[in-house]
Amino acid sequence: MNIFRLAGDMTHLASVLVLLLKIHTIKSCAGVSLRTQELYAIVFATRYLDIFTSFVSVYNTFMKLVFLGSSFSIVWYMRYHKAVHRTYDREQDTFRHWFLVLPCLVLALLIHEKFTFLEVLWTFSLYLEAVAILPQLVLLQRTRNIDNLTGQYIFLLGGYRGLYILNWIYRYFTEPHFVHWITWIAGLVQTLLYADFFYYYFLRFIGGRGVE
Amino acid sequence: EKETPIKDEL
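Residue numbers (our numbering), protein chains in the order written: chain A, 75 to 286; chain B, 36 to 45.
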């Protein structure tokens with residue numbers, strides 16, 4: 075564990091907590107894309123299948139349970155909790171996210187490390203996570219400005235994988251084994267997709283106004 | 036030659 079990876083995990087945890095805070099306390103999911111949340115639930119479900127077969131550390135298992143639990147509970151809140159569901163922007167959140175799932179699955183079947191069930195699904199989860207934010211970014215552009223909590227949620231979610239890239243660089247130079255190039259590329263694509271959001275975030279958000 | 040890739044990340 076190095077400082078970059080710990081910072082990345084904490085940033086990721088913070089993004090999930092910010093979203094849960096928003097949904098649970100003010101019972102609102104305005105500006106949040108349910109489709110992105112559904113994609114993230116699939117990402118964690120397919121990435122953490124090894125939670126039962128391989129034990130890495132208490133921290134690792136604990137964080138996996140947190141991410142699994144939070145992503146599914148956010149989807150549940152947005153779908154079935156009456157008060158929260160009412161604030162969901164169904165008309166605007168129309169990105170065909172199932173069109174993202176199939177190409178990622180095909181790509182994982184074609185390009186992977188090892189052709190085993192767990193490995194292909196793990197690779198699929200990497201590809202899917204790289205594009206999972208798209209419905210949220212599209213919703214963002216449609217709803218124009220968003221509230222601070224949603225802006226911070228997206229900022230933290232985008233930042234965590236950027237910190238992971240620093241972690242991969244650090245591990246490359248300091249450890250005998252390497253991180254697979256598929257992980258590198260998926261992580262880079264994912265972080266680059268946030269580029270224009272980061273641009274507006276710093277321009278507007280730091281300037282004291284909401285993100286537009 | 037680096038060893039096999041790691042799988043200890045989230």
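The C-beta atom is built at its ideal place from N, Cα and C for all residues, glycine as well. Predicted, not measured: the structure shown is a model, and the values here were computed from it.
Query raised in the report: How close, in whole Å, do the beta carbons of G232 (chain A) and F276 (chain A) come, if the pair is a contact with beta carbons under 8 Å?
Result: About 12 Å; that fails the 8 Å criterion.
Query - Beta-ladder partner(s) of I100 (chain A), from DSSP - result: Answer by DSSP bridge pairing: none, since I100 (chain A) is not bridged.
Query raised in the report: Hey, out of A:V205, A:I97, A:M75, whose CA is closest to V149 (chain A)'s CA?
Result: A:I97
Query raised in the report: Should L176 (chain A) and V194 (chain A) be called a contact, given that it needs their Cβ atoms to be closer than 9 Å?
Result: no
Query - H251 (chain A) - DSSP class collapsed to helix/strand/coil - result: strand
Query raised in the report: Opposite E47 (chain A) in the DSSP bridges: which residues?
Result: Given a span of 75 to 286 for chain A in the structure shown, any question on residue 47 (chain A) remains unanswerable.
Query - DSSP state of I220 (chain A) mapped onto helix, strand, coil - result: strand
Report task. For L174 (chain A), count neighbouring Cβ atoms within 10 angstroms of its own Cβ and tell me buried if that reaches 16, exposed if not. Result -> buried
Requested in this report: Would you kindly check if the distance between the Cβ of H251 (chain A) and the Cβ of E187 (chain A) is under 9 Å?
Outcome: no
Query raised in the report: When the cut-off is 9 Å and only beta carbons count, does F146 (chain A) lie next to chain B?
Result: no
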